[in-house]
Amino acid sequence: MKSLDVRGMACPGPVVSVKRALETAVGELRVLLDDGAPRENVKRFAEGRGYQVQEEPLEGAFAFTITGAQRQTAAISGRAGAVVMLIGSDRLGDGPEELGRLLMRNFIMTLVELPELPDRMLFINTGVLLTARGSEVIEVLEALGNRGVEVLSCGICLDFFQKKELLAAGGVTNMFTIAESLLQAGSVVRL
Amino acid sequence: MVKDGDYVAIFNSIHRVMEAERLLKAKHLKMLLIPAPRALAADCGLAVRYSEDVRGEVEAALAQAGLLPRDLYRKTGDTYQKVEGNHI
Chain G
1 MKSLDVRGMA CPGPVVSVKR ALETAVGELR VLLDDGAPRE NVKRFAEGRG
51 YQVQEEPLEG AFAFTITGAQ RQTAAISGRA GAVVMLIGSD RLGDGPEELG
101 RLLMRNFIMT LVELPELPDR MLFINTGVLL TARGSEVIEV LEALGNRGVE
151 VLSCGICLDF FQKKELLAAG GVTNMFTIAE SLLQAGSVVR L
Chain D
192 MVKDGDYVAI FNSIHRVMEA ERLLKAKHLK MLLIPAPRAL AADCGLAVRY
242 SEDVRGEVEA ALAQAGLLPR DLYRKTGDTY QKVEGNHI
């Protein structure tokens, strides 16, 4: 049985790690995790995808045994492979800047209400302004992370806008990961 | 995005909702422009969310600027209750 220890990991680390492990796990997956948000988020994520979760309290932590198979949403929706969303701007569409920014915020906030989500969201150029402190969609991006969406921002871009220390949602990535993600994706949604 | 007890104000045009956002932000009042919840019909699809603690200030600022919403709702449990009365 494959096992994983995500104790001490900050959100959405536990969900992202479990998601990755489930993609390659055969049979059961045993996960050691902290009580509170990690426990709730991982349980919600796994059950939401059709897995069964058995909980076992340990001293100061929990052990999950995750079994079953992912619900075949891909077959139903016609989705094949990972869906990667490339967010290249803090604005959606061409036109007045204010409207574009409003539409982008509205898009991300709407996304979290939908049952089917992208597997990964890559933020580049001014897109990283959405993941840095001061953005109004941090709470929503965290919620997406807790539902298994990998939120990644381009390191060069954060550096350019002097937001490196201000990243508030998701992780930092580089061009290797961005390029690989785009090439390996089942579909890419570019915003 | 909308917690129990939060208020959701629906405007009848995108220009009014944007103007309301500018006004409330300039006054440093805690609010968030959100997609209008599906349960509440809104032409422009946007709404302003705020909490009870700033309700008085938010509505006074909107009233003074002639920007009162078309409808106001309060989230109670899983439903939205229309707030009737003299806020508009």
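First to last, the protein sequences are chains G and D.
Here the working numbering is used: the first residue of the first sequence is 1, the next is one more, and so on.
Here the working numbering is used: the first residue of the second sequence is 192, the next is one more, and so on.
In this text, a Cβ means the ideal position worked out from N, Cα and C, and glycines have one as well.
query: G:Thr73 (DSSP reduced to helix, strand or coil); result: At G:Thr73, the pLDDT of 49 sits below 50, so the modelled position is not reliable; the number obtained from the coordinates is stated separately. Of the three classes helix, strand and coil, the one that applies to G:Thr73 here is helix, per DSSP.
query: Supposed contact pair G:Ser181 and G:Val83 - C-beta distance, whole angstroms, cut 8 Å; result: At roughly 11 Å, the Cβ-Cβ gap does not stay under 8 Å, so G:Val83 and G:Ser181 are not in contact.
query: Supposed close pair G:Thr65, G:Glu40 - CB separation, criterion 8 Å; result: About 17 Å separates the two Cβ atoms, so there is no contact after all.
query: Proximal residues of chain D, C-beta to C-beta of G:Arg105 below 8 Å; result: Leu224
query: Backbone CA spacing between G:Gln52 and G:Cys154 [nearest angstrom]; result: 35 Å
query: Interface partners of G:Glu98 on chain D, CB under 8 Å; result: Met209
query: Closer than 9 Å at the beta carbon, the chain G residues around D:Leu237; result: Leu102 and Asn106
query: Coarse secondary structure for D:Leu231, derived from DSSP in three states; result: coil
query: Beta-carbon proximity of G:Thr131 to G:Gly88, cut-off 8 Å; result: no
query: Interface residues of chain D facing G:Val140 [CB-CB closer than 9 Å]; result: Met192
query: Cutoff 6 Å; reference G:Thr73; Cβ partners in own chain excluding five residues on either side; result: With a pLDDT of 49 at G:Thr73, under the threshold of 50, the modelled position of that residue is not reliable, and no figure is offered here.
query: When G:Val26, G:Glu23, G:Leu117 and G:Val42 are compared against G:Met9, the one with the closest alpha-carbon; result: G:Val42
query: G:Leu86 beta carbon less than 8 Å from that of G:Leu22; result: no
query: Proximity to G:Asn125 [Cα-Cα], best of G:Asp119, G:Leu141 and G:Thr173; result: G:Thr173
query: Simplified DSSP state of G:Ile87, which is helix, strand or coil; result: strand
query: Chain D contact residues for G:Thr110, given Cβ-Cβ distances below 8 Å; result: Pro226
query: Minimum length 3: unbroken beta strand (DSSP E) runs contained in the region 5 to 41 of chain G; result: 29 to 33
query: Sequence-distant residues of its chain with Cβ nearer than 8 Å to G:Phe45 (five each side left out); result: Val15, Val18, Lys19, Asn146, Arg147 and Gly148
query: Member of G:Ala69, G:Gly36, G:Ala61 and G:Pro57 whose CA lies at the smallest distance from the CA of G:Gly50; result: G:Ala69
query: Whether D:Ala217 touches D:Pro260 by CB criterion (8 Å); result: no
query: Beta-carbon proximity of G:Leu103 to G:Leu111, cut-off 8 Å; result: no
query: Under the three-state DSSP convention, the category G:Thr177 falls into; result: helix
query: Partner residues on chain D for G:Glu136, Cβ-Cβ distance less than 9 Å; result: Leu223 and Leu224
query: Unbroken alpha helix (DSSP H) run spanning G:Met104, endpoints; result: Glu97 to Leu111
query: In DSSP terms, what D:Glu212 is bridged to; result: Answer is none; D:Glu212 lacks a bridge partner.
query: Option nearest G:Tyr63 by Cα separation, candidates G:Ala143, G:Phe176 and G:Arg30; result: Sequence check: residue 63 of chain G is Ala here, not Tyr. For G:Ala63, the nearest C-alpha among the options comes from G:Arg30.
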